[in-house]
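S.K.: Here this note's numbering = 1-based position in the sequence shown + 1.
In this text, a Cβ means the ideal position worked out from N, Cα and C, and glycines have one as well.
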Amino acid sequence: MISPADRARPRATCRACGGTVVQFLDLGRQPLSDRFLTEPEIPQEYFFQLAVGLCETCTMVQLMQEVPRERMFHEDYPYYSSGSAVMQKHFADTARQLLETEAGGPDPFVVEIGCNDGVMLRTVHEAGVRHLGFEPSGKVAEAARAKGLRVRGDFFEESTAREVRASDGPADVIFAANTICHIPYLDSILRGVDALLGPDGVFVFEDPYLGDILAKTSFDQIYDEHFFLFSARSVQALAASFGFELVDVDRLAVHGGEVRYTLARAGARRPAGRVAALIAEEDAGGVATLARLDQFAAQVGRIRDDLRALLERLAAEGKRVVAYGATAKSATVANFCGIGPDLVSRVYDTTPAKQGRLTPGTHIPVHAADEFPTDPPDYALLFAWNHADEIMAKEQAFRQAGGAWILYVPHVHVRD
Ligand code: SAM
Ligand code: TMP
Ligand code: ZN
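#1: Which residues in the same chain have their Cβ closer than 7 Å to the Cβ of Asp27, if we skip the five residues on either side of it in sequence?
#2: Is it buried or exposed for Thr218, if we count other Cβ within 10 angstroms and need 16 for buried?
#3: Secondary structure at Leu408, three-state DSSP: helix, strand or coil?
#4: Is there contact here, the region 353–360 with the region 299–309, by at least three beta-carbon pairs under 8 Å?
#5: I need the DSSP call for Leu33, collapsed to helix, strand or coil.
#6: For the ligand SAM, any of its heavy atoms closer than 7 Å to the Cβ of Thr351?
#7: Determine the DSSP secondary structure at Gly134, reduced to helix, strand or coil.
#8: Please report the straight-line C-alpha distance between Phe373 and Val345, rounded to a whole angstrom.
#9: As a quick check of your reading: which residues have a C-beta less than 6 Å from at least one non-hydrogen atom of the ligand ZN, in chain order?
#10: Only counting the same chain, and skipping five residues up and downstream in sequence, which positions put a Cβ closer than 7 Å to that of Ser82?
#11: Between the beta-carbon of Val23 and the beta-carbon of Tyr78, is there less than 8 Å?
#12: Checking 8 Å against the spacing of the C-beta atoms, do Ala172 and Thr124 come in under that value?
#13: If you check the beta carbons only, do Val203 and Leu264 fall under 8 Å apart?
#14: Is the separation between the beta-carbon of Gly113 and that of Gly139 shorter than 8 Å?
#15: To which residues does DSSP link Ile190 through a beta bridge?
#16: Looking only at its chain, what residues have a beta carbon closer than 8 Å to the beta carbon of Leu150, apart from the 5 residues adjacent to it on each side?
#17: Please indicate yes or no: does the CB of Val120 lie closer than 7 Å to some heavy atom of the ligand SAM?
#18: By Cβ distance, which residues of its chain are closer than 6 Å to Ala298, with the 5 residues on each side in sequence left out?
#19: In terms of residues, what are the limits of the beta strand (DSSP E) holding His126?
#20: Opposite Ile114 in the DSSP bridges: which residues?
#21: Which of helix, strand or coil does DSSP assign to Cys18?
#22: State yes or no: is the C-beta of Ser219 nearer than 7 Å to some heavy atom of the ligand TMP?
#23: At the level of alpha carbons, what is the spacing between Phe243 and Val152?
#24: Rounded to the nearest angstrom, what separates Asp7 and Ala332 at their Cα positions?
#25: In three-state DSSP terms, what is Pro377?
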């Protein structure tokens, strides 16, 4: 029975199946997560309402409101995938594995959707394999071309995929990392994959996993670019409605917990036992139920209260608190929790395109990460918690000198 409280929940139309999406969490008015500003740009800053819901029909978890793609992905998109040594290795390994298992034919063809600065395709290129990256964001695409890669500066969608099929022939592998969950127009993507993929080809994509997001209460995985939070069950339903089949799932530790999904044409390959096993695990944990998602929303509220209380106490004690990693994820945390320069004086980051600018919405100045060891604070809020091992190893001197990290995943705690 639908309770009166459930009836009052806002609703939207599912971008995967056309069913009804029921809201379970509202993270408030939020800016574009990757739009780092100069002072004069502040009055024109764009905001939207960041809320998430569950589709009653296909169980896809998704945003209630879509941000136009050109506002997010453009000439100055500032995320460079090669900024992490761990991710460079992850994608070199991924490329080698795909080449080994899927590119055995006489003239294999690998396509990547959202190739960014070429972090994955460079290994394909070095192996002498025919490839094409789709990358609509101008400067990151240029960085990939500078590595000798073949990059088309367009959004992948049905029309552009058809053009590539006509000019280059069928693809053996279509790969995407941290990109498919960014794309509300999934129908066009899957029709494009259908047009471009060879009869025995695979569509492989990896994205943050809903199961991990719930287990860790990593609500900062929800922001404008992360339109979908996938699960094996929702991806299986999506694949089936476009003539594909989910034939494998691979859990990955990167970016706080992801799943790599492998789709093949329906009936072309036998699904691995891991698919049914992961779906059974999701069902047992209630991943796709409003009861579990409401519990997650309540935990998110507690993290906000705990983080604010800690930062306010440290400010009252006169401690110097900074943040580390001007991540897209941190826009959600900072704006939802109300963390501005009064609580965190600056954010350190290695990305030149972010330095000298202000963080989205709460306008904390971004400084070069090189400056962090020269002016150590008392506390550093680790916004890039998904790169914790890499960053803490690099910044060992900070803790040795008495500094402490503040983390908020899976709950607010201090590591000194
Ligand atoms: N694959 C890289 C990685 O995992 O680090 C980059 C991920 S980045 C978060 C997402 C990328 O997808 C951006 O570079 C963006 O420009 C690109 N993108 C967004 N929509 C796209 C589309 N429809 N087709 C191709 N690329 C797209
Ligand atoms: P991501 O979590 O979306 O990958 O973003 C990571 C951000 O953190 C990006 O802006 C680069 C920055 N960063 C550092 O400043 N130092 C580091 O060692 C790493 C790995 C990332
Ligand atoms: Zn749906």
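M.R.: Checking against the coordinates, here is how it stands:
#1: Ala52
#2: buried
#3: strand
#4: no
#5: coil
#6: no
#7: strand
#8: 14 Å
#9: My final list is Cys15, Ala17, Cys18, Gly20, Cys56, Thr58, Cys59 and Met61.
#10: The beta carbon of Ser82 sits closer than 7 Å to the beta carbons of Met88, Asn117, Asp118 and Val120 from its chain, once the five residues preceding and following it are set aside; these are given in chain order.
#11: The Cβ atoms of Val23 and Tyr78 lie no closer than 8 Å to each other.
#12: Going by beta carbons, Ala172 and Thr124 fall outside the 8 Å limit.
#13: yes
#14: The residue asked about is misnamed: residue 113 is Glu in this sequence, not Gly. For Glu113 and Gly139, no; Cβs fall outside 8 Å.
#15: According to DSSP, which records beta bridges pairwise, Ile190 is partnered with nothing at all.
#16: Cys116, Gly119, Leu122, Arg123, His126, His132 and Gly134
#17: Yes, the ligand SAM has a heavy atom inside 7 Å of this Cβ.
#18: Phe25 and Leu26
#19: No beta strand (DSSP E) holds His126; the alpha helix (DSSP H) holding it covers Leu122 to Glu127.
#20: Phe135 and Ala177
#21: coil
#22: no
#23: 27 Å
#24: 29 Å
#25: coil
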